[in-house]
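Quick notes on the structure that follows.
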Amino acid sequence: MEDKKWYQVTDMELNKLNEKTTHLLEAVRRYINDWNTNAGLSTNLFPEQDELYFFGEIDQIEFSLFPLVFRCNNRSCRNVHQYFNLEDLSRKNPELRCQFCSKDVIKQYPYALVHLNGDLQSINVKTNKGAKNWHEKYDGIRMRDTRRFTTATWYNYKKQISLGDLGTKRTNLPLTEEMIQNNKRFLGGTHLSEGDIHYPALKSMVNLEQQTLIERKEHESFTQIQMAALLQLDSINTGNYAQNFEIEKNNSTLQILLESAKNEEERRILLKTIKNSDLGAQFLEGDITKEVEEIFQKTFPIETVEEDRLLHEFLFSWYENDGQTIEAKLEEARINSDLVQETSYIQAQNEVENLGLESVALLEKFPVITMGVGYTRKSFDRNRSILNPFRKQISNKRYTVIPVLKNDNEAIIFKLDPLRILRWLEINKLITFNNESPNSKREAHAILYNYLLLSKMEKEDLVMLDPKDYVHDQKVLATIMTYQLVHTMLHMLLHAGKSIIGLDVDSMSEYIFPSALAGTIYVSKLQGGGMGALIAAFENDLERWLRNTYEKTQTCLYDPICKGQHGACHACSYLKFSCQHFNRGLSRNLLTGGYVGETPIIGYFSKELDEVMKKGKGNFDKAYKFN
Numbered sequence: 001m002e003d004k005k006w007y008q009v010t011d012m013e014l015n016k017l018n019e020k021t022t023h024l025l026e027a028v029r030r031y032i033n034d035w036n037t038n039a040g041l042s043t044n045l046f047p048e049q050d051e052l053y054f055f056g057e058i059d060q061i062e063f064s065l066f067p068l069v070f071r072c073n074n075r076s077c078r079n080v081h082q083y084f085n086l087e088d089l090s091r092k093n094p095e096l097r098c099q100f101c102s103k104d105v106i107k108q109y110p111y112a113l114v115h116l117n118g119d120l121q122s123i124n125v126k127t128n129k130g131a132k133n134w135h136e137k138y139d140g141i142r143m144r145d146t147r148r149f150t151t152a153t154w155y156n157y158k159k160q161i162s163l164g165d166l167g168t169k170r171t172n173l174p175l176t177e178e179m180i181q182n183n184k185r186f187l188g189g190t191h192l193s194e195g196d197i198h199y200p201a202l203k204s205m206v207n208l209e210q211q212t213l214i215e216r217k218e219h220e221s222f223t224q225i226q227m228a229a230l231l232q233l234d235s236i237n238t239g240n241y242a243q244n245f246e247i248e249k250n251n252s253t254l255q256i257l258l259e260s261a262k263n264e265e266e267r268r269i270l271l272k273t274i275k276n277s278d279l280g281a282q283f284l285e286g287d288i289t290k291e292v293e294e295i296f297q298k299t300f301p302i303e304t305v306e307e308d309r310l311l312h313e314f315l316f317s318w319y320e321n322d323g324q325t326i327e328a329k330l331e332e333a334r335i336n337s338d339l340v341q342e343t344s345y346i347q348a349q350n351e352v353e354n355l356g357l358e359s360v361a362l363l364e365k366f367p368v369i370t371m372g373v374g375y376t377r378k379s380f381d382r383n384r385s386i387l388n389p390f391r392k393q394i395s396n397k398r399y400t401v402i403p404v405l406k407n408d409n410e411a412i413i414f415k416l417d418p419l420r421i422l423r424w425l426e427i428n429k430l431i432t433f434n435n436e437s438p439n440s441k442r443e444a445h446a447i448l449y450n451y452l453l454l455s456k457m458e459k460e461d462l463v464m465l466d467p468k469d470y471v472h473d474q475k476v477l478a479t480i481m482t483y484q485l486v487h488t489m490l491h492m493l494l495h496a497g498k499s500i501i502g503l504d505v506d507s508m509s510e511y512i513f514p515s516a517l518a519g520t521i522y523v524s525k526l527q528g529g530g531m532g533a534l535i536a537a538f539e540n541d542l543e544r545w546l547r548n549t550y551e552k553t554q555t556c557l558y559d560p561i562c563k564g565q566h567g568a569c570h571a572c573s574y575l576k577f578s579c580q581h582f583n584r585g586l587s588r589n590l591l592t593g594g595y596v597g598e599t600p601i602i603g604y605f606s607k608e609l610d611e612v613m614k615k616g617k618g619n620f621d622k623a624y625k626f627n
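Okay, so the sequence shown: first residue is 1 according to full-length UniProt numbering, each after it adds one.
Listed below in structure tokens is the structure:
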């Protein structure tokens, strides 16, 4: 909505993306293939040929007035005006003045007809029968506007005749077999303010160095190095992450050399030579592969780690994007003898632990690329609505265009404590152990990586899973709860940070790294950047921000109704524009305790879990009662 008028986007001018797009196209194809409803169509809406996709940054947007059903703004008139296209409107009423009373301008009725197949049309106006011209056709016709499509009606105020509801129209766009069988051939109505007229299908990725990732995947220890970095093993070089791959190459070569020794004496001489060389220190750091496999107890998921794109994005962001953890910032303050800053970071560290986080890292630049794969209407559920592409004629050729937005602004990564999550799942009976449960964060994260499905599913699929459907499937239910926990934590951080960061919450966005049990809050390019707001908040107000986050989770304006139903609403956790999941998969009850679906949950912030963390184990059969 602009200048109190409603518009529809009709075209986009794009500047071709000046970089390789192979990995972007792969992500787009996966996104499309996972859209279940489109499989029910007789024709594919998206092209099979790679060359028919066009990736570009938006240069200009063209839009036009829509819908073209108006009413006179004069209260004593309110007569309807309908036009069938812009040419019709420009010819008959270019000044948008009332053609009946001539006393005021005309304004749009904020209603439209939409369909799950992506169709969008103006509402169907009931007219006077037997009319000979446009004026007679609409003379006296008004809408009894109740602000709800289902209850609004047409009537002739001059004749005092009711003309019935707003009606519908038949769609001309493709339908799935299921839609045809269920006779879903007609459009439904909506008020434009409800937002279901357009859902953008967005796919975001961290724009890491793709060629470097491809080259590293050729390394025989690639997956072990990545996992060692996630688990923060001591043998990993965090200062120069790329060197880990060089060290492993040298270690592999030296290991082969040692194994080539014909007897123990030759091996002893070779080992002594290696130790005395420059490579000795690296070799003595230990074999990363063996360390990782020992932690995973011979169940290391090589293929899963290799295909876990979001894990690689997290590690790139954490280690190779000039990020600084709170631990590094604290050490820097100590070196500089900055007592004020040191005290601030120590206090913030305490709040990091209190909030169930493992660490926090500041990034001055977070390179996110967001692609507009298409759009849906009426619903964003991939099991209900059809995903439609954006199409455009470029140089006499019809393309499916993928508009791209590149973002490179400041961000903060929040990584949750894997041991606390493991204990949380354990106390809620969402994971069980035959033997004694682990007591280290590394072991805990290794177990969670293997047990949960976070590394095996797309985020878009994870958020669509309903806990009610998996009450008897412990592993899937644990996966859902863990993902929703991370998602909810980010939303609460965003809401709590509004007054501290100094930016509107809708000028920031979220990005989740599921298998890393982490998420990022970053400044969106759409709002023009944050001008250092996140950096200032991290360096000066992180303690207050984290403390406010805990307090924000405890109450909602609509409690006890909010807590008793879903534990999430627009007053406590929803975001207007910043959530790519459209506020699905959220519940404060995961943090504070309560029901999530039909499952009773002991909260991530509960005293019961605090006790378990202190003792290392707990009475998991203990009954837990909700207020």
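In this text, a Cβ means the ideal position worked out from N, Cα and C, and glycines have one as well. Everything numeric in this text was worked out from a predicted model, so none of it was measured.
Beta-carbon proximity check, residue i vs residue j, cutoff 9 angstroms
i, j, result
"residue 399", "residue 52", "yes"
"residue 414", "residue 485", "no"
"residue 487", "residue 586", "yes"
"residue 509", "residue 352", "no"
"residue 171", "residue 187", "yes"
"residue 567", "residue 589", "yes"
"residue 199", "residue 143", "no"
"residue 73", "residue 81", "no"
"residue 14", "residue 392", "yes"
"residue 233", "residue 288", "yes"
"residue 139", "residue 158", "yes"
"residue 631", "residue 62", "The shown model of the chain, from 1 to 627, leaves out residue 631, and the question about it has no answer."
Residue burial classification, residue i (beta-carbon count within 10 angstroms, cutoff 16)
i, result
"residue 433", "exposed"
"residue 59", "exposed"
"residue 516", "buried"
"residue 316", "buried"
"residue 32", "buried"
"residue 275", "Low confidence applies here, because residue 275 scores a pLDDT of 45, under 50, leaving its location unreliable and the question unanswered by this model."
"residue 422", "buried"
"residue 150", "exposed"
"residue 226", "buried"
"residue 182", "exposed"
"residue 228", "buried"
"residue 349", "buried"
"residue 278", "With a pLDDT of only 48 at residue 278, under the threshold of 50, the placement of this residue in the model should not be trusted; the figure read from the coordinates follows. When all chains shown are included, residue 278 counts as exposed."
"residue 191", "buried"
Counterpart residues of residue i in DSSP-defined beta bridges
i, result
"residue 399", "392"
"residue 6", "Bridge partners of residue 6: none, in fact."
"residue 511", "520"
"residue 153", "144, 165"
"residue 53", "400"
"residue 555", "Paired residue(s): none; residue 555 is not in a bridge."
"residue 372", "202"
"residue 64", "8"
"residue 547", "According to DSSP, which records beta bridges pairwise, residue 547 is partnered with nothing at all."
"residue 359", "415"
When the options are compared against residue i, the one with the closest alpha-carbon
i, options, result
"residue 597", "73, 7, 465, 127", "465"
"residue 239", "322, 289, 141", "322"
"residue 204", "589, 30, 548, 296", "30"
"residue 179", "117, 195, 24", "117"
"residue 512", "544, 578, 588, 294", "578"
"residue 84", "78, 70, 74", "70"
"residue 290", "122, 309, 224, 333", "224"
"residue 490", "469, 514, 132", "514"
"residue 404", "18, 74, 8, 10", "18"
"residue 581", "462, 165, 14, 521", "462"
"residue 38", "265, 374, 20", "374"
"residue 309", "45, 354, 217, 601", "217"
"residue 302", "336, 221, 536, 378", "221"
"residue 43", "16, 390, 173, 98", "173"
"residue 628", "120, 145, 545", "For the chain, the structure presents residues 1 to 627; residue 628 sits outside this window and is missing."
"residue 57", "600, 436, 21, 16", "16"
"residue 503", "548, 473, 532, 76", "532"
Integer Cβ distance of residue i from residue j, believed to fall under 8 angstroms
i, j, result
"residue 311", "residue 455", "7 angstroms"
"residue 359", "residue 327", "7 angstroms"
"residue 411", "residue 380", "25 angstroms between Cβ atoms; not a contact."
"residue 438", "residue 431", "Contact doesn't hold; Cβ gap of about 11 angstroms is too wide."
"residue 24", "residue 371", "6 angstroms"
Minimum Cβ-Cβ distance from residue i to chain B less than 9 angstroms
i, result
"residue 521", "This model lacks chain B altogether, as it is built from one protein chain only."
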